[in-house]
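Asks: Residue numbers for the sequence shown follow my numbering, beginning at 7 and rising by one.
Just so you know, even glycine gets a beta-carbon here, dropped at the ideal spot from N, CA and C.
Source: prediction; values computed, not measured.
Got a structure here, written out as structure tokens. Questions coming.
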Amino acid sequence: MARVEVKVPQLSESVTEATMLPWKKKAGDAVAQDEILVELETDKVVLEVPAPGAGRLAEVVKKEGDIVHADEVIAIIDTEAKAAAQTPAAAPAPAAAAAEKPAAQPAAAQPATQSAPAPAAASAEKADFDVIVIGSGPGGYIAAIRAAQLGRKVACVEEWINPAGKPKLGGTCLNVGCIPSKALLASSEKFESAKLHFGDHGIGMDNLSVDIGKMVGRKEAIVEKITGGVEFLFRKNKITWLKGHGKLAGKAGGNFKIDVSGDGKTESHTAQNVIIATGSKARHLPNVPVDNKIVSDNEGALAFDAVPKKLAVIGAGVIGLELGSVWRRLGAEVTILEALPEFLGTTDAALQKEAAKLFKKQGLTIHLGVKIDGVKTTESSVSISYQDKDGNAQTLDADRLIVSIGRVPNTDDLGLDSIGLSADERGFIPVDGHCATKVPNVYAIGDVVRGPMLAHKAEDEGVLVAEIIDGQKPHIDYNCIPWVIYTHPEIAWVGQTEQALKAAGREIKAGQFPMLANGRAMGMGETDGFIKVIADAKTDEILGVHIISANASDLIAEAVVAMEFKAASEDIGRICHPHPSLSEVMREAALAVDKRALNI
Numbered sequence: 007m008a009r010v011e012v013k014v015p016q017l018s019e020s021v022t023e024a025t026m027l028p029w030k031k032k033a034g035d036a037v038a039q040d041e042i043l044v045e046l047e048t049d050k051v052v053l054e055v056p057a058p059g060a061g062r063l064a065e066v067v068k069k070e071g072d073i074v075h076a077d078e079v080i081a082i083i084d085t086e087a088k089a090a091a092q093t094p095a096a097a098p099a100p101a102a103a104a105a106e107k108p109a110a111q112p113a114a115a116q117p118a119t120q121s122a123p124a125p126a127a128a129s130a131e132k133a134d135f136d137v138i139v140i141g142s143g144p145g146g147y148i149a150a151i152r153a154a155q156l157g158r159k160v161a162c163v164e165e166w167i168n169p170a171g172k173p174k175l176g177g178t179c180l181n182v183g184c185i186p187s188k189a190l191l192a193s194s195e196k197f198e199s200a201k202l203h204f205g206d207h208g209i210g211m212d213n214l215s216v217d218i219g220k221m222v223g224r225k226e227a228i229v230e231k232i233t234g235g236v237e238f239l240f241r242k243n244k245i246t247w248l249k250g251h252g253k254l255a256g257k258a259g260g261n262f263k264i265d266v267s268g269d270g271k272t273e274s275h276t277a278q279n280v281i282i283a284t285g286s287k288a289r290h291l292p293n294v295p296v297d298n299k300i301v302s303d304n305e306g307a308l309a310f311d312a313v314p315k316k317l318a319v320i321g322a323g324v325i326g327l328e329l330g331s332v333w334r335r336l337g338a339e340v341t342i343l344e345a346l347p348e349f350l351g352t353t354d355a356a357l358q359k360e361a362a363k364l365f366k367k368q369g370l371t372i373h374l375g376v377k378i379d380g381v382k383t384t385e386s387s388v389s390i391s392y393q394d395k396d397g398n399a400q401t402l403d404a405d406r407l408i409v410s411i412g413r414v415p416n417t418d419d420l421g422l423d424s425i426g427l428s429a430d431e432r433g434f435i436p437v438d439g440h441c442a443t444k445v446p447n448v449y450a451i452g453d454v455v456r457g458p459m460l461a462h463k464a465e466d467e468g469v470l471v472a473e474i475i476d477g478q479k480p481h482i483d484y485n486c487i488p489w490v491i492y493t494h495p496e497i498a499w500v501g502q503t504e505q506a507l508k509a510a511g512r513e514i515k516a517g518q519f520p521m522l523a524n525g526r527a528m529g530m531g532e533t534d535g536f537i538k539v540i541a542d543a544k545t546d547e548i549l550g551v552h553i554i555s556a557n558a559s560d561l562i563a564e565a566v567v568a569m570e571f572k573a574a575s576e577d578i579g580r581i582c583h584p585h586p587s588l589s590e591v592m593r594e595a596a597l598a599v600d601k602r603a604l605n606i
């Protein structure tokens, strides 16, 4: 007998156990793959457990009323008895809702007219799904969940396989991007705090050491938990996960056809609406192979097996600064080479100056205006030849190199031409202000379209498109999407910079307040940085907020809310903030716009 174990699926992060409800099948019954065998009840939701394969239910291990935990075996299926199992008929898809044309336009998007999803032709064949999302990163999985919440029959295609050979949801962000990098950032910050700052609190530390294997293991455990959480959400919302590479394959019976390839086979599925959310990948240097051992991109840099003595980083953008900071804190001598003449050139000039000062003080060496001539590697080292800002030839020798020169959209091998679409010269899919392509009922979101490559921007676009398909009229103000760099201190901003506003001829006023004058920051030992608020000189409307401080990623949210509601700086200044807290600095900076800060 070929045995396949039926296991309790991954529960959510806050749920550790579930109760078995009545079995829908008994031992000896024929079962089809994905047929629901039993339901599990938690304190939050009832989960369905599908059959992982077709065959005969050979043994029921757990009975009704038993308490079970994630990954626990509850039944056994004999897959050699497949002949008796019939695939259950697909549930009928809900009727597509008619939608009106959204009226609002994003602030930073080109003017465009968004057409409502085209209703299916009367003669069209029934689609397998109302919506198929290609890609399960933050934009894709959120789009799938929102569409399912709105009553649509949804499938999501994802081909990610982790190093252990297991299919995983979550895309780059959850598996090798945002989540694991922040886990390592937190670990390295705790190590440096223990080494440099615990003494200030009267805490002595002897023989402080770093176990890189354990640190990386913690990161992997967090990734496993959060990707498992997305699987839980898919089951909760009855979203079908199509495992493999998704590719558009023209139209069939008035619907879109998507081929899903994996495990040596290809299956075709149809949908009335398609959302492309395939994300991005690291840009590599020409003629410099990335082996993720000596030369790494963001994936390899998250999995070093030891702290390199000397680490070189090409690119002083978000990823380069974050990963360079991780390994510097753990003991590496880090040198960053940046082609642009300005450090963090897209940020406010005040942030640029403060960040450069603090990172230099921390030990990061940053060379601006360089030109890379070549990279040579051996089995244990790397040598980078470059020209400095004055044109002089230089050589940088290191044990490891991280290449972080930006990202490119994942639009290869998507079959765009099969439905009359194509990517532009940079690889992006052209869309209007509401993420609609020129083909009705086909949308693209996140890193494959214009705008910043930010996970939270992709999430908002996923919700936007799902609601447009539902006939609603959602809107995104792209000027109110925050940016964050997770260095220490963190850097965050929303809206316009002072230099951009002045270049546009806008009359402005600005207020700035230092963390050094905040009691909570003193108590935390986090007095570096400031908050700066920029407002219109006449109306006092907030036009931009710029933060460099501990917890800047959390503090910026207040500014986003204020700007979404067109608040004035006076509005923040008149709102009571808890004392003592870092948020008081936001109020003081707002008050400083009219030169009436209270605590300085």
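From D394, T533, T353, pick the residue whose C-alpha is nearest to that of W489; which is it?
Replies: As a first step, residue 489 is located in the sequence shown; it is residue number 483 there, counting from the start. The residue with the shortest Cα to Cα distance from W489 is T353.
Asks: Assign I578 to one of three DSSP states: helix, strand, or coil.
Replies: Translated into the one-based positions of the sequence shown, residue 578 becomes position 572. I578 falls in the helix class under three-state DSSP.
Asks: DSSP state of W29, grouped into three classes?
Replies: Along the sequence shown, read from residue 1 onward, the residue named residue 29 stands at position 23. Three-state DSSP puts W29 in a strand.
Asks: Tell me whether the stretch 460 to 472 and the stretch 143 to 157 touch, counting them as touching only if at least three CB pairs, one residue from each stretch, are closer than 8 Å.
Replies: A contact exists between the stretch 460 to 472 and the stretch 143 to 157.
Asks: Who are P56's beta bridge partners in DSSP?
Replies: By 1-based counting over the sequence shown, the position of residue 56 is 50. P56 is bridged to I42.
Asks: Hey, how far is the Cα of T48 from the Cα of A24?
Replies: Locating residue 48 in the sequence shown gives position 42, counting from the first residue. Locating residue 24 in the sequence shown gives position 18, counting from the first residue. About 5 Å.
Asks: Going by DSSP in three states, P15 sits in which element: helix, strand or coil?
Replies: Residue mapping note: residue 15 aligns to position 9 of the sequence shown, counting from 1. DSSP places P15 in coil when its eight states are reduced to three.
Asks: Can you find the residues in the same chain that come closer than 7 Å, C-beta to C-beta, to L336, ignoring five residues on each side of it along the sequence?
Replies: Residue mapping note: residue 336 aligns to position 330 of the sequence shown, counting from 1. Only S194, F197, V216, V313 meet the Cβ criterion.
Asks: Considering G517, what are the terminal residues of the beta strand (DSSP E) in which it resides?
Replies: Taking the first residue of the sequence shown as 1, we reach residue 517 at position 511. Here the beta strand (DSSP E) through G517 covers 514 to 520.
Asks: If you reduce the DSSP assignment to three classes, tell me which class D206 lands in.
Replies: Locating residue 206 in the sequence shown gives position 200, counting from the first residue. Reduced to three states, the DSSP call for D206 is helix.
Asks: Candidates H251, A556, V301, P295: which alpha carbon is nearest T284's?
Replies: Along the sequence shown, one-based indexing puts residue 284 at 278. Checking every option, the nearest Cα to that of T284 belongs to H251.
Asks: Beta-carbon within less than 7 Å of S587's beta-carbon, same chain only, minus the 5 sequence neighbours each way: which residues are those?
Replies: Working through the sequence shown from its first residue, we reach residue 587 at position 581. The residues are R526.
Asks: Compute the Euclidean distance between the alpha carbons of I390 and I228, then round it to the nearest angstrom.
Replies: As a first step, residue 390 must be located in the sequence shown, where it is residue number 384. As a first step, residue 228 must be located in the sequence shown, where it is residue number 222. Computed Cα separation, rounded: 34 Å.
Asks: When the Cβ atoms of the stretch 320 to 331 are set against those of the stretch 408 to 426, are three or more pairs found closer than 8 Å?
Replies: Cβ pair count under 8 Å is three or more, so yes.
Asks: What does the Cβ neighbour count give for P144, buried or exposed, with the cut at 16 atoms within 10 Å?
Replies: The residue you call residue 144 lines up with position 138 of the sequence shown. Result: buried.
Asks: List, from N- to C-terminal side, the alpha helix (DSSP H) runs of 4 residues or more that fit wholly inside the stretch 349 to 427.
Replies: Taking only runs of at least 4 residues, the alpha helix (DSSP H) segments lying wholly in the stretch 349 to 427 are 355 to 368.
Asks: Label E273 either buried or exposed according to how many other C-beta atoms from any shown protein chain fall within 10 Å of its C-beta, with 16 as the threshold for buried.
Replies: The sequence position of residue 273 within the sequence shown is 267, counting from 1. Exposed, by the Cβ-count rule.
Asks: So the beta strand (DSSP E) T6 belongs to, where does it begin and stop?
Replies: There is simply no residue 6 to check, as the chain begins at 7 and stops at 606 in what is shown.
Asks: Let me know the secondary structure DSSP gives D600 once reduced to three states.
Replies: As a working note, residue 600 is residue 594 in the sequence shown. Correct three-state label for D600: coil.
Asks: Taking one C-beta from the stretch 513 to 527 and one from the stretch 535 to 544 each time, how about it: are there three or more such pairs within less than 8 Å?
Replies: Result yes; three or more Cβ-Cβ pairs closer than 8 Å.
Asks: Just to confirm my understanding: we take W499, look at its own chain, exclude 5 residues before and 5 after, and list those with CB closer than 8 Å. What are they?
Replies: In the sequence shown, residue 499 corresponds to position 493, counting from 1. Taken in chain order, the residues that qualify are T353, D354, L357, P488, W489, G550, V551, H552, I553, I562.
Asks: Does the separation of the CB atoms of I245 and C162 fall below 8 Å?
Replies: As a working mapping, residue 245 is identified with position 239 in the sequence shown. As a working mapping, residue 162 is identified with position 156 in the sequence shown. Yes, they are a contact pair.
Asks: If you reduce the DSSP assignment to three classes, tell me which class D134 lands in.
Replies: As a position in the sequence shown, residue 134 is number 128, starting the count at 1. Looking at D134 - three-state DSSP - the assignment turns out to be coil, as it is neither helix nor strand.
Asks: What does the alpha-carbon distance come out to for the pair K363 and T493?
Replies: Counted from its first residue, the sequence shown places residue 363 at position 357. Counted from its first residue, the sequence shown places residue 493 at position 487. Whole-angstrom Cα-Cα distance: 13 Å.
Asks: I believe L374 touches K359 by the beta-carbon criterion, under 8 Å. Please report the beta-carbon distance rounded to the nearest angstrom.
Replies: Here residue 374 is taken as the residue at index 368 of the sequence shown, counted from 1. Here residue 359 is taken as the residue at index 353 of the sequence shown, counted from 1. Wrong, their Cβ atoms sit about 13 Å apart, outside the cutoff.
Asks: Could you check the C-alpha separation between T341 and D212 for me, to the nearest Å?
Replies: As a working mapping, residue 341 is identified with position 335 in the sequence shown. As a working mapping, residue 212 is identified with position 206 in the sequence shown. Rounded to the nearest angstrom, the two C-alpha atoms are 29 Å apart.
Asks: Going by alpha carbons, who is nearest to G270 out of G256, K249, G397?
Replies: As a position in the sequence shown, residue 270 is number 264, starting the count at 1. Taking only the C-alpha atoms, the option nearest G270 is K249.
Asks: Beta-carbon within less than 8 Å of Q92's beta-carbon, same chain only, minus the 5 sequence neighbours each way: which residues are those?
Replies: Counting from one through the sequence shown, the residue named residue 92 turns up at place 86. Because the pLDDT of Q92 is 45, which lies under 50, any placement of that residue in the model is unreliable, and the number read from its coordinates should be weighed accordingly. Excluding residues within five positions, the ones whose Cβ falls inside 8 Å are A36, A38.
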